[in-house]
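A.B. asks:
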């Protein structure tokens, strides 16, 4: 056996559905529009996993697209009658340095990194295997005070991205679930001091949930907290050679948002490997389930999966001390050759400049790889001038931009829980600030920033405040677990409608005089006292109201819901008009219990004309086709993870049909 082969090789076995279509051999791009065509039937997944186990493979994660497996090279070679070889190929790592890395391949296939199951006992079940490839990150309680210009967390990041002072009237990301797939998370004193919490879930092939030897995940998580300090963050720890298994684990947790600060360099279609096809399928599957997926665009790399059309691609903008902006020459910007018409990035976060992007002072585990390597090289900008082992490192890259955008998306989801992935991207792009100076990384073309959408910065620098205000007034998709990109012929119409809504949004503040504030506060206390009394009178003394009640301007959606409910409840209106109002309430996710009761009554009302009863039945079928919160709570398994504890138990809080655990 080749001495360069690792002791254990990770791969994704693509289960072929009964239709015969293979995720790894199809010529069409895999997106959320067509990913369902490649879902394998549960019985075929189960049978494939059984046969793989019989051949000696360890089953790490059986999914409907691929099964994550692990075994020594000799088991692969025996089971599939092939040879696995190691090859050194040029790569650009997260720091922008050109070097080489070891890739695994087989000599008898046309697709790089694939294994052909033909002639094996699994030939009738598998469409191919994709060998995992190496992944590269796109890169005390108080930070050290350094003289060179840099950004500190959380304040400078929040100010630069318009998130300072609780944008959106008190939004902090509370109740929104964000998953990061990265190197791990260390409970740094900086996090303790600021009250930030995270849960750690081990991805396949990883161990020690309290450790982060690299330091990348720990540092980048501070970017999320800088924008959304109360977000429910789960770090899915990934290994250098099994990032797809960790990504699939993140999807299985059903978060609202997944942030990934890593990727692969893919400039041309011929570079697209079997593993790339597998990860494209996993990304499309996540977005189809309603999860917002964010990837770093790259630091001179032609970043993939950032190129995937379902992803929010995060680029880089540099902010000077006076607040002026320019495109970061450390960040990638390009037109994809793999997905025609797809430009990267979509928009940007805050990123440093060449040569090393030493720009944001971030907490890392003392003695971790990043803690030591960023301190080497002498003076800034070739070094961050910190002390090796001090637990701080100045770095950035689009690795930092991705979690920054994830934090903004968390605020948007808190403001509008029904926001779909495509609506979130649309809002981010429409509300971003144009950047008209500077160029992106020369390796991806060195494109110039302009006063319009451009290849250097996409739509510009993200603006949390504008995005949150827009999200509040954007009607979201009710059934997010089936959120899909519209059909091509519907896209332009939807985009125009979204733009009409976004263009009407203005930043408005409610200024109340002291007398009105006092009156509202008095009524709030009266209402809470009355409800507390009701709890006591009904033997519910173990419960109380939690959380802060704030007064905000009545939104257009609330006004519309009130008017629709009046129409629905007015017996003097034509029954068809009342049913139409009920259906509209259902579509905006308001008063669903009342709508359900009303429609049920109209179906049973014998005096109603047949057409009206049919309309009510149709509307009722649409509302009952989605799983309820109660059903999801009953089916949720209790989970307990290492690190800061995470549990989903009977007292869990559910948000938007997804189970949200209680951190302690």
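Numbering (my numbering), first residue to last: 911 to 1574. The beta carbon of each residue, even a glycine, is placed where N, CA and C say it ideally should be. Every value quoted in this text rests on a predicted model; they were computed, and no experiment measured them.
1) Suppose you measure from the CA of residue 1558 to the CA of residue 1196; what does that come to, to the nearest Å?
2) From residue 1113 to residue 960, what does the alpha carbon distance come to, in whole angstroms?
3) Contact defined as beta carbons within less than 8 Å: I believe residue 1071 pairs with residue 1381. What is the distance between those atoms, to the nearest angstrom?
4) Give the secondary structure of residue 1438 by DSSP, where H, G and I count as helix, E and B as strand, and everything else as coil.
5) Just how far apart, CA to CA, sit residue 1482 and residue 1528?
6) With distances taken from CA atoms, which of 1316, 1236, 1139 and 1477 is nearest residue 1104?
7) Verify whether the separation of the beta carbon atoms of residue 1315 and residue 1194 is less than 9 Å.
8) For residue 1014, list the residues DSSP reports as bridge partners.
9) Since residue 1243 contacts residue 1255 with CB under 8 Å, what's their CB separation in whole angstroms?
10) Can you give me the C-alpha to C-alpha distance between residue 1422 and residue 1433, rounded to a whole angstrom?
11) Sorted by chain position, which residues of the same chain lie with C-beta nearer than 8 Å to residue 997's C-beta, five sequence neighbours on each side aside?
12) Is it right to say residue 1512 is buried, meaning 16 or more other beta carbons lie within 10 angstroms of its own, or is it exposed?
13) Cutting at 6 Å between CB atoms, please list the residues of its own chain near residue 915, excluding the five before and the five after it.
14) Kindly list the residues whose CB is nearer than 7 Å to the CB of residue 1356, restricted to its own chain and excluding five residues on each side of it in sequence; keep chain order.
15) Give me, in chain order, the residues of the same chain whose beta-carbon lies closer than 8 Å to that of residue 1334; leave out the 5 immediate sequence neighbours on both sides.
16) Quick one, which of 941, 1130, 1171 and 978 has its alpha-carbon nearest residue 1211's?
17) For residue 1372 and residue 1327, I'd like the C-alpha separation in whole angstroms.
18) Among 1133, 1376 and 1044, which residue has its Cα nearest to the Cα of residue 1317?
19) For residue 1418, count the other beta carbons within 10 Å of its own beta carbon; 16 or more makes it buried, fewer makes it exposed. Which is it?
20) Taking C-beta to C-beta, are residue 1261 and residue 1238 nearer than 9 Å?
21) Just to confirm, are residue 1033 and residue 1073 a CB contact at a threshold of 9 Å?
22) May I have the straight-line CA-CA distance separating residue 1306 from residue 1291, to the nearest angstrom?
23) Smallest Cα separation from residue 1178: which of 917, 1217, 1313 and 1265?
24) Assuming residue 1169 is part of the beta strand (DSSP E), what are its boundary residues?
25) In three-state terms, what does DSSP make of residue 1099?
26) What are the partner residues of residue 1024, as DSSP defines its beta bridges?
27) Would you tell me roughly how many angstroms separate the C-alpha atoms of residue 981 and residue 970, rounded to the nearest one?
28) Whole angstroms are fine: how far does the CA of residue 1090 sit from the CA of residue 1142?
29) Could you say which of 1220, 1176 and 955 lies nearest to residue 1000 if we only look at CA atoms?
30) Name the one or two DSSP bridge partners that residue 1224 has.
31) Do residue 923 and residue 992 have their C-beta atoms closer together than 9 Å?
32) Excluding five sequence neighbours on each side, which residues of the same chain lie with their C-beta closer than 7 Å to the C-beta of residue 1274?
33) Using the rule of at least 16 other Cβ atoms within 10 Å of the residue's Cβ for burial, across every protein chain shown, is residue 1457 buried or exposed?
34) Throw me the rounded Cβ distance for the residue 1088 and residue 1167 pair, which I believe falls under 8 Å.
35) For residue 1109, which three-state DSSP category applies?
36) Using 8 Å as the cut-off, can you tell me whether the segment 1056-1069 makes contact with the segment 942-958, which would need three or more C-beta pairs spanning the two stretches below that distance?
C.D. replies: Judging by the given coordinates:
1) Caution is warranted here: a pLDDT of 32 is assigned to residue 1558, below 50, making its placement in the model unreliable, and the coordinate value is therefore given only provisionally. In a straight line, the C-alpha of residue 1558 is about 21 Å away from that of residue 1196.
2) 22 Å
3) That belief does not hold up - the Cβ atoms of residue 1071 and residue 1381 are roughly 15 Å apart, past 8 Å.
4) helix
5) 23 Å
6) 1139
7) no
8) 996
9) 6 Å
10) Residue placement at residue 1422 is flagged as unreliable, the pLDDT there being 43, under the threshold of 50; the coordinate-derived value follows with that caveat. Distance between the alpha carbons of residue 1422 and residue 1433: 15 Å.
11) 1012, 1013, 1014 and 1015
12) buried
13) 983 and 996
14) 1349 and 1350
15) 1202, 1222, 1319, 1322, 1323 and 1381
16) 1171
17) 20 Å
18) 1133
19) Low per-residue confidence applies at residue 1418: pLDDT is 37, beneath 50, and the placement is therefore not dependable, though the value from the model is reported in the following sentence. Residue 1418 should be labelled exposed.
20) yes
21) no
22) 12 Å
23) 1217
24) 1167-1170
25) helix
26) 1040
27) 11 Å
28) 11 Å
29) 1176
30) 1206 and 1257
31) no
32) 1125, 1128, 1129, 1280, 1281, 1301, 1302 and 1303
33) The pLDDT assigned to residue 1457 is 48, lower than 50, so where the model puts this residue is not dependable, and the model offers no usable value.
34) 5 Å
35) strand
36) no
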